[in-house]
């Protein structure tokens, strides 16, 4: 490829990242397939939660489990008021083993909809979740520079507590991922009835370095391929290919 061609690709990717960051902000209604198609990266980054996270706004959590984007996504959203009453909304797309529609730049998410359940949480259950999140490092600084690839497995958290927003991410396999303890608690409260897909191993021949974006390998099944990069308190680069 010529230098000119490489520059054109770099410019195209930069414009794509800027468009995704500026023009596709999630503002609610994730159950609408049209909404999620246009705003997945913003939803993953918790843009709506961080914008509303001010003193007195209450507790609001979003945790997302990506076990191969084309096979299974799970989203867990917790809201709690000043009275301590809390609700967990569990959502799943893509039953284990199911490969769904391919993504294009014009259609970044081809899912049809979520399987959803709503579960009330007692103050004790919310406290248990807070403890599990803290033990998992969710309120610690995010691992800046970590690359998250769509075909692999990772957790992302967006947490608003006491008016402070905290973002974090865990990539499988890693020591940080192995130290997660909030997953079993969320899975036990999940009433969707959809089995949890096991973590997806890094294919042979693919880079397992946490700071290196991974590209499609010959061993990958067909589907969607994109990387997102973790910054100091959120996602930065968002590249599809």
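In the numbering used here, the protein residues as written are 15 to 255.
All C-beta atoms, glycine included, are put in the ideal place defined by N, C-alpha and C.
Fair warning: this is a prediction, and the values are worked out from it, not measured in the lab.
A check of alpha carbon separations from residue 175 across 59, 45, 166 and 72 identifies 72 as the nearest. Taking C-alpha positions only, residue 204 is separated from residue 238 by approximately 26 angstroms. Positions of the beta strand (DSSP E) runs, each at least 3 residues long and wholly inside the segment 41-99, are given as 73-81 and 87-94 in order along the chain. Taking C-beta atoms under 8 angstroms as the contact rule, residue 183 and residue 162 qualify, at a distance of about 6 angstroms. Take the alpha-carbon of residue 39 and the one of residue 61: they are about 7 angstroms apart. Residue range 129-135 is occupied by the beta strand (DSSP E) that includes residue 135. Between the C-alpha atoms of residue 150 and residue 159 there is a straight-line separation of about 19 angstroms. Residue 249 is positioned such that its CB atom lies no closer than 7 angstroms to that of residue 90.
The criterion of a C-beta distance shorter than 7 angstroms is satisfied by residue 179 and residue 64. One Cα belongs to residue 128, the other to residue 47, and the distance between them is close to 9 angstroms. Straight through space, the alpha carbons of residue 102 and residue 94 are spaced by roughly 9 angstroms. Annotated three-state conformation of residue 211 is coil, per DSSP. Counting of Cβ neighbours within 10 angstroms places residue 244 among the buried residues, the total reaching 16 or more. In this structure, the straight-line span from the alpha carbon of residue 147 to that of residue 196 is close to 6 angstroms. The alpha-carbon of residue 138 is positioned some 10 angstroms away from that of residue 100. Taking the Cα positions, residue 240 is about 9 angstroms away from residue 83.
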